[in-house]
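Below is one structure, written out as structure tokens, with a few remarks after it.
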Amino acid sequence: MKNLFYIDQHKRFPEIANVVIVADKGVSAVPIYSYTSLLNTIFTKNRYAHIPFYVGVIPRTYDEEYIVPAFIYTEYKLPLFSLAELKPLFYLKFVLDTVYNAIVGVLVNDEYELSKEKVKRDISELFGVDGERLIIESEYKAKAYLIHTNKLFERNFIVIKKR
């Protein structure tokens with residue numbers, strides 16, 4: 195699975211980002227990965243609550259100690275550990291036991307309508323985060339964050355490609 199974290203990014207990155215699916219829609223926890231292992235798991239405040247989005251990681255991104263997670267809203271079925279093309283729509287920052295940053299978006303060819311209010315409502319209900327502990331920024335901020343974390347990855351990891 196670790197090899198999936200080093201997959202090259204999409205040629206149109208950051209407008210389109212490659213994402214590896216790591217959790218199904220409908221689970222009650224969000225996994226947070228580092229480049230070496232599962233770093234943390236964010237549980238919903240109610241164990242019967244189920245997330246309405248898929249969770250993925252964006253390869254070749256690095257923030258603090260973890261790979262940037264992505265929350266993918268779609269009506270399509272996505273297999274675990276598959277590669278998907280994400281259109282980033284929002285940058286999300288929320289505080290639980292620590293500060294988490296994530297990218298929220300939809301699949302490139304998906305017609306799913308996603309609003310800032312829906313994302314805010316879902317995150318608030320699932321994790322009990324609201325007010326100053328939840329920040330949702332624009333698509334522009336999401337792409338700037340992806341560029342920044344990609345540069346951090348390149349600075350912190352030397353990847354030797356086999357020919």
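When you line the sequence shown up against the numbering used here, it's residues 195 to 357, in that order. Glycine included, C-beta positions come from ideal geometry on N, C-alpha and C. The structure displayed is predicted, hence computed values, not measured ones.
- Query: Are the CB atoms of residue 272 and residue 278 nearer to each other than 7 Å?
  - Reply: Numbered from 1 along the sequence shown, position 78 holds the residue referred to as residue 272. Numbered from 1 along the sequence shown, position 84 holds the residue referred to as residue 278. Their beta carbons are under 7 Å apart, which means residue 272 touches residue 278 by this criterion.
- Query: Does the region 297-306 touch the region 234-242, meaning 3 or more C-beta pairs lie closer than 8 Å?
  - Reply: When Cβ pairs closer than 8 Å are counted between the two stretches, the region 234-242 is seen not to touch the region 297-306, the count staying below three.
- Message: Does residue 279 come out as helix, strand or coil in the three-state DSSP assignment?
- Response: As a position in the sequence shown, residue 279 is number 85, starting the count at 1. In this structure, residue 279 counts as strand in the three-state DSSP scheme.
- Query: Of all the options 333, 347, 348, which has the alpha carbon lying nearest to the alpha carbon of residue 208?
  - Reply: Here residue 208 refers to the residue found at position 14 when the sequence shown is read from its first residue. Of 333, 347, 348, the residue nearest in Cα terms is 333.
- Task: Rounded to whole angstroms, what's the CA-CA distance from residue 342 to residue 322? Just pull it up for me.
- Result: As a first step, residue 342 must be located in the sequence shown, where it is residue number 148. As a first step, residue 322 must be located in the sequence shown, where it is residue number 128. Residue 342 and residue 322: Cα-Cα distance of roughly 28 Å.
- State the CB to CB distance for the pair residue 203 and residue 253, rounded to an integer number of angstroms; the pair is presumed to be in contact (CB under 8 Å). What you label residue 203 is simply residue 9 of the sequence shown in a count that begins at 1. What you label residue 253 is simply residue 59 of the sequence shown in a count that begins at 1. Contact holds; Cβ gap of about 7 Å.
- Outcome for residue 216 when other beta-carbon atoms lying within 10 angstroms are tallied against a minimum of 16: Here the question's residue 216 lines up with position 22 in the sequence shown. With a threshold of 16 other beta carbon atoms within 10 Å, residue 216 meets it and is buried.
- Query: What separation, rounded to the nearest whole angstrom, lies between the Cα atoms of residue 296 and residue 264?
  - Reply: Taking the first residue of the sequence shown as 1, we reach residue 296 at position 102. Taking the first residue of the sequence shown as 1, we reach residue 264 at position 70. Rounded to whole angstroms, residue 296 and residue 264 show a C-alpha spacing of 6 Å.
- Count the other CB atoms, across all protein chains shown, that sit within 10 Å of the CB of residue 199; report buried if there are 16 or more and exposed otherwise. Mapped onto the sequence shown, residue 199 falls at position 5. The residue is buried, with at least 16 neighbouring Cβ atoms inside 10 Å.
- Item | residue 240 in three-state terms, based on DSSP | Within the sequence shown, residue 240 is the residue found at index 46, counting from 1. Judged by DSSP in its simplified three-state form, residue 240 adopts coil rather than helix or strand.
- In whole angstroms, what separates the C-alpha of residue 251 from that of residue 329? Position 57 of the sequence shown holds residue 251. Position 135 of the sequence shown holds residue 329. Approximately 20 Å, taken between the alpha carbons.
- Message: Taking a contact to mean a Cβ-Cβ separation below 7 Å, would you say residue 256 touches residue 350 in this structure?
- Response: Here residue 256 corresponds to residue number 62 of the sequence shown, with the count starting at 1. Here residue 350 corresponds to residue number 156 of the sequence shown, with the count starting at 1. In this structure, residue 256 sits near residue 350, with a CB-CB distance shorter than 7 Å.
- Task: Using a threshold of 7 Å, state whether the C-beta atoms of residue 232 and residue 268 are closer than that.
- Result: Here residue 232 is taken as the residue at index 38 of the sequence shown, counted from 1. Here residue 268 is taken as the residue at index 74 of the sequence shown, counted from 1. Between residue 232 and residue 268, the C-beta spacing is not below 7 Å.
- Query: Any idea what DSSP makes of residue 235, helix, strand or coil?
  - Reply: Counted from its first residue, the sequence shown places residue 235 at position 41. For residue 235, the secondary structure class from DSSP, reduced to helix, strand or coil, is strand.
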